[in-house]
Amino acid sequence: MTIYLPIAELSVNIFIILGMGAAVGFLSGMFGVGGGFLITPLLIFYNIPPVVAVATGANQVVASSVSGAITHFRRGSLDMKLGTVLLIGGLAGASIGVGIFSWLRRLGQLDLIISLLYVVFLGTVGGLMLAESLRALRRAARNETAPLKRPGQHNWVHRLPFKMRFKKSKIYLSVIPILALGFAIGILTSIMGVGGGFIMVPAMIYLLRIPTNVVVGTSLFQIIFTTAYTTIVQAATNYSVDIVLAFILMVAGVIGAQYGVRVGQKLRGEQLRALLGLLVLAVGVRLAIELVVPPEDIYSIAIGG
1 MTIYLPIAEL SVNIFIILGM GAAVGFLSGM FGVGGGFLIT PLLIFYNIPP
51 VVAVATGANQ VVASSVSGAI THFRRGSLDM KLGTVLLIGG LAGASIGVGI
101 FSWLRRLGQL DLIISLLYVV FLGTVGGLML AESLRALRRA ARNETAPLKR
151 PGQHNWVHRL PFKMRFKKSK IYLSVIPILA LGFAIGILTS IMGVGGGFIM
201 VPAMIYLLRI PTNVVVGTSL FQIIFTTAYT TIVQAATNYS VDIVLAFILM
251 VAGVIGAQYG VRVGQKLRGE QLRALLGLLV LAVGVRLAIE LVVPPEDIYS
301 IAIGG
């Protein structure tokens, strides 16, 4: 059964799109990521134009993140105060990111930049997460305890000014790195169509030392509003949000996220990080292959509008 996408200007199999949305929603609820780093490449692999894939993928992230965040809020694993600070930085970054997106589109280099950014970020983050989580799993198998720093020992992040106490996350930290993290995620959301969870989650765990169970819910909370804002601005500025595609992905994503949260609660933190690392790395490798393998049709004809 096929359905026509008016903005993407092509017909697609509705069941394949539903399957994509459900799978990404499941992973979103399980890992606490928006899923944009998966849905955007999947749409591109399915021949959806990258401009439409980025803008519409961000819209799907909103739906799956709302579903997952509500569940985490009910379970008390969402730090609203920390999420709000991240959101302030995220909205500022998203505003600048949409401008960069439009500029790259005018230059005709948007597709290449999107692919290169995915390869670099996914490869780096996935590799680091996988290596760390495998070390943690080996320690757990040997019944070894991870080397913990004493309360009085802090890294450079803890010496920054403008500190704020986040009771839910049990940290006393400067708002500067939190705002900077949100700002960077906002830019990536606009340019890559991602929620940014694949960067935010490891950064909050390893850099800010926030408990994994709180990180998941808080990450989803910030992703909701940053991606919603990005979707609205992209629709108004670049006219690249396909409402038909977005609706199908949203319905499937909401359903999948509910099951993902239930599965994620049954896994240990290091297991979640290992699976997420593998997933991120696999998508990065797949995109890298697309960049170096010659296409079947070297030339293509497009109608300018």
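Mind the numbering: the sequence shown is residues 1 to 305 in UniProt numbering, read in order. Ideal Cβ positions, reconstructed from N, Cα and C, are used throughout, including at glycine.
In the DSSP assignment, Tyr229 falls within the alpha helix (DSSP H) that extends over Thr212 to Thr237. Between Gly277 and Val119, the C-beta gap is not smaller than 8 Å, which leaves the two residues out of contact. In this structure, Thr231 and Gly186 do not form a Cβ contact; the two beta carbons are roughly 13 Å apart against a cut-off of 8 Å. Distance from the CA of Gly89 to the CA of Leu181, rounded to the nearest whole angstrom, comes to 7 Å.
Excluding its 5 nearest sequence neighbours in each direction, Met1 has C-beta neighbours in its own chain below 6 Å: Ile14, listed in chain order. Secondary structure at Lys163: strand, using DSSP grouped into helix, strand and coil. Note that the C-beta distance between Ser169 and Leu87 is not below 8 Å. Annotated three-state conformation of Ser11 is strand, per DSSP.
Here the alpha carbons of Tyr46 and Ala288 stand approximately 16 Å from one another. When secondary structure is reduced to three states using DSSP, Tyr46 falls in the coil class, being assigned neither helix nor strand.
For Ile171, the enclosing beta strand (DSSP E) has its first and last residue at Ile171 to Ser174. The beta carbons of Val261 and Gly29 sit closer together than 8 Å. Excluding residues up to 5 positions away in sequence, Asn213, Val214 and Gly217 lie with their Cβ nearer than 6 Å to the Cβ of Ser77 in the same chain. Distance from the CA of Ala53 to the CA of Ile44, rounded to the nearest whole angstrom, comes to 6 Å. At a Cβ-Cβ threshold of 8 Å, Ile191 and Leu117 count as neighbours. Of Gln271, Thr237, Met20 and Val251, the smallest CA-CA separation from Arg106 is found for Thr237. Our two residues, Val175 and Met200, have alpha carbons roughly 15 Å apart in a direct line. In this structure, Ala22 and Ala252 form a Cβ contact; the two beta carbons are roughly 4 Å apart against a cut-off of 8 Å. Secondary structure of Leu78 (DSSP, three-state): coil. When rounded, the separation of the alpha-carbon atoms in Gly19 and Val280 is 19 Å. Separation of Arg135 and Leu173 (C-alpha to C-alpha, rounded to the nearest whole angstrom) is 27 Å. A direct Cα-to-Cα measurement between Arg138 and Arg209 gives close to 21 Å. In this chain, the beta strand (DSSP E) harbouring Tyr4 covers Thr2 to Leu5. Here Asn143 carries a coil assignment [DSSP, helix/strand/coil].
In this structure, the alpha-carbon of Leu112 lies about 32 Å from that of Gly68.
Secondary structure at Val241: coil, using DSSP grouped into helix, strand and coil. With a cutoff of 8 Å on beta-carbon distance, Thr189 and Gly99 are scored as not near each other. Excluding its 5 nearest sequence neighbours in each direction, Pro161 has C-beta neighbours in its own chain below 8 Å: Ser174 and Ile176, listed in chain order.
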